[in-house]
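Asker: The sequence shown finishes on residue 378 if you use the working numbering, and the numbering steps up by one all the way, no holes.
Okay, handing you the structure first.
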Amino acid sequence: MMKTEIKPFTAEMIPQAGELLSARHKRNRANLPLLPERFEDAAVAIKAVESLWQKKFKMGYAAFRDGKMTAYLLGDFSVQPWGRCGYVYLPGYALAEGESPKTLQDLYSLLGEDWVKKGIFSHGLYISAADADVIDALFALGFGKERVDALLDLRSAEISEPANPAGIDIRLAGAGDNTHLGNLSHVIMEALANAPNWHPTIPEDWEELREGWAELADDPEWTVWLALEKGTALGTVSFCPEEESDTAMLVSPRTSYLSVAATLPQARGRGVSTALTLRGLKQAQNENFEICYTNWISPNLPASRFWPRFGFKDAAYRLAKRIDPIIAWTKNH
46 MMKTEIKPFT AEMIPQAGEL LSARHKRNRA NLPLLPERFE DAAVAIKAVE SLWQKKFKMG
106 YAAFRDGKMT AYLLGDFSVQ PWGRCGYVYL PGYALAEGES PKTLQDLYSL LGEDWVKKGI
166 FSHGLYISAA DADVIDALFA LGFGKERVDA LLDLRSAEIS EPANPAGIDI RLAGAGDNTH
226 LGNLSHVIME ALANAPNWHP TIPEDWEELR EGWAELADDP EWTVWLALEK GTALGTVSFC
286 PEEESDTAML VSPRTSYLSV AATLPQARGR GVSTALTLRG LKQAQNENFE ICYTNWISPN
346 LPASRFWPRF GFKDAAYRLA KRIDPIIAWT KNH
């Protein structure tokens with residue numbers, strides 16, 4: 046057997062990478078039929094890889110045997126409030142059928158080293174939930190599951206319209222509800238800051254988050270459900286159409302995005318979140334949306350235990366690895 050050769054990713058490799066990606070997506074869809082069909086088309090997959098290559102800080106590697114690409118890993122990096130972060134998005138990897146996921150381990154070793162040399166110590170790889178062998182290979186490198194992206198088939202889901210919980214008014218939000226929504230903006234960030242996630246939101250971002258939530262009341266693209274008791278907002282669940290794009294490998298036509306969902310901790314256990322969610326999903330069904338997409342941070346235990354109850358199926362994961370920044374010092378001594 047010819048020896049595998051690893052090379053830095055170049056623009057000339059995009060067509061071969063796209064062919065690998067389309068084949069990977071076809072295999073993924075065999076296990077996850079709610080994934081969009083269009084990425085099985087090599088031309089569409091090539092365009093997805095090309096879009097990643099156009100990013101300013103892209104870098105990656107590809108493996109070849111006898112001149113034929115067997116795997117690739119293509120990443121990007123950005124600066125977030127919690128640090129310099131390297132990401133591989135869903136179109137950013139593929140492994141030829143029958144190839145060992147150890148090859149992707151080798152590619153990540155090189156890409157990760159490039160990131161670490163640039164002071165990028167937070168690494169996130171988005172991997173299809175159907176690629177269990179790739180996930181296991183990355184777990185062996187110290188990655189953990191950080192985020193779940195999930196899909197619900199609205200065409201077959203049986204969604205009831207629940208009665209309002211006792212004493213609670215559930216209705217669509219609109220003009221004048223800005224303060225109600227803004228008052229709920231702290232719920233998710235506080236949940237993510239708590240055990241067992243401990244992810245902080247810096248105080249400088251709090252007001253911006255509040256303003257963003259408040260503005261949803263006036264945004265015609267969003268359908269916002271609101272629960273109130275005696276004039277106090279207890280919770281919200283919001284939906285908007287999710288647009289197809291060159292790299293959106295989870296988005297089919299007629300997809301609704303469930304986002305901005307929060308219930309005050311003191312109001313939990315009364316059926317508020319369930320009533321809000323069922324009303325929103327039922328409306329999405331009535332408006333002929335076919336798929337509902339959502340995501341949550343997996344260490345956020347209330348979310349991780351809540352959303353699957355509605356029939357959401359895992360479609361992809363963000364796997365995360367944190368590198369001790371002291372490596373930047375010890376490598377030079």
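Even glycine gets a Cβ: it sits at the ideal position worked out from N, Cα and C.
#1: How would you label residue 344, buried or exposed, when you count the other beta carbons within 10 angstroms and need 16 or more for buried?
#2: DSSP three-state label for residue 350, please.
#3: Give the DSSP-derived three-state secondary structure of residue 244 in the structure shown.
#4: Are the stretch 114 to 129 and the stretch 70 to 86 in contact at 8 Å, needing three or more beta carbon pairs?
#5: Using 8 Å as the cut-off, can you tell me whether the stretch 159 to 177 makes contact with the stretch 328 to 339, which would need three or more C-beta pairs spanning the two stretches below that distance?
#6: Under 8 Å, with one C-beta from each stretch per pair, do the stretch 282 to 300 and the stretch 262 to 273 reach the 3-pair mark?
#7: From residue 220 to residue 320, what distance separates their C-alpha atoms?
#8: Within the same chain, show all residues whose beta-carbon is closer than 6 Å to that of residue 67, passing over the 5 residues directly before and after it, in chain order.
#9: Residues in its own chain within less than 8 Å of residue 73 by CB, not counting five upstream and five downstream?
#10: Residue 177 by DSSP, collapsed to three states: which one?
#11: Under 9 Å between the Cβ atoms of residue 232 and residue 298?
#12: If you measure between the beta carbons of residue 183 and residue 134, is that distance less than 9 Å?
#13: Measure from the alpha carbon of residue 140 to the alpha carbon of each residue in 69, 156 and 207, then state which is nearest.
#14: Where do the N-terminal and C-terminal ends of the alpha helix (DSSP H) with residue 328 fall, by residue?
#15: Locate the beta strand (DSSP E) running through residue 106, then write down its first and last residues.
#16: When you compare only the Cα positions, how much space is there between residue 373 and residue 218?
#17: In whole angstroms, what separates the C-alpha of residue 301 from that of residue 337?
#18: So who's on the other strand from residue 53, going by DSSP bridges?
#19: Tell me which same chain residues have a C-beta within less than 6 Å of the C-beta of residue 108, skipping the five on either side of it?
#20: Are the stretch 350 to 367 and the stretch 191 to 201 in contact at 8 Å, needing three or more beta carbon pairs?
#21: Checking 9 Å against the spacing of the C-beta atoms, do residue 303 and residue 204 come in under that value?
#22: For a quick check, are the C-beta atoms of residue 262 and residue 226 less than 9 Å apart?
#23: What are the start and end residues of the alpha helix (DSSP H) that includes residue 238?
#24: With 9 Å set as the bound, which would you pick, yes or no: does the beta-carbon of residue 181 sit closer than that to a beta-carbon of chain D?
#25: Identify, in the order they occur along the chain, each residue of the same chain with its Cβ nearer than 8 Å to the Cβ of residue 124, setting aside the five sequence neighbours on each side.
#26: Can you tell me whether DSSP reads residue 125 as helix, strand or coil?
#27: Residue 336 by DSSP, collapsed to three states: which one?
#28: Who pairs with residue 168 in a beta bridge, going by DSSP?
#29: According to DSSP, residue 214 sits in a beta bridge with which residue or residues?
#30: Classify residue 204 as helix, strand or coil using the three-state DSSP reduction.
Answerer: Taking the coordinates as given:
#1: Buried.
#2: In the structure shown, residue 350 sits in a helix (DSSP, three-state: H, G or I).
#3: In the displayed model, residue 244 falls within coil according to three-state DSSP, outside both helix and strand.
#4: Too few Cβ pairs lie closer than 8 Å, so no.
#5: Contact fails: fewer than three Cβ-Cβ distances are below 8 Å.
#6: The stretch 282 to 300 makes contact with the stretch 262 to 273, as at least three CB pairs between them are under 8 Å.
#7: For residue 220 and residue 320, the distance between alpha carbons rounds to 22 Å.
#8: Excluding residues within five positions, the ones whose Cβ falls inside 6 Å are 85, 87 and 90.
#9: Result list for residue 73: 80, 173, 175 and 176, in chain order.
#10: DSSP places residue 177 in helix when its eight states are reduced to three.
#11: For residue 232 and residue 298, no; Cβs fall outside 9 Å.
#12: At the C-beta level, residue 183 and residue 134 stay beyond 9 Å of one another.
#13: For residue 140, the nearest C-alpha among the options comes from 69.
#14: Counting along the chain, the unbroken alpha helix (DSSP H) around residue 328 starts and ends at 317 to 331.
#15: Unbroken beta strand (DSSP E) run through residue 106: 104 to 110.
#16: Cα to Cα, the separation comes out at about 50 Å.
#17: C-alpha of residue 301 to C-alpha of residue 337: approximately 5 Å in a straight line.
#18: DSSP output for residue 53 lists 106 as bridge partner(s).
#19: Cβ-Cβ distances below 6 Å link residue 108 to 49, 51, 115, 116 and 148 in the same chain, with the five nearest sequence neighbours on each side left out; the list follows chain order.
#20: These segments touch.
#21: No, they are not a contact pair.
#22: Yes, Cβ-Cβ distance for residue 262 and residue 226 is below 9 Å.
#23: Per DSSP, residue 238 belongs to the alpha helix (DSSP H) from 231 to 238.
#24: Structure shown: chain D not included; a single protein chain is present.
#25: Excluding positions up to five away in sequence, the list reads 130.
#26: In the structure shown, residue 125 sits in a strand (DSSP, three-state: E or B).
#27: Here residue 336 sits in strand by DSSP.
#28: For residue 168, the pairing in a beta bridge is given by DSSP as 131 and 366.
#29: According to DSSP, which records beta bridges pairwise, residue 214 is partnered with 273.
#30: Here residue 204 sits in coil by DSSP.
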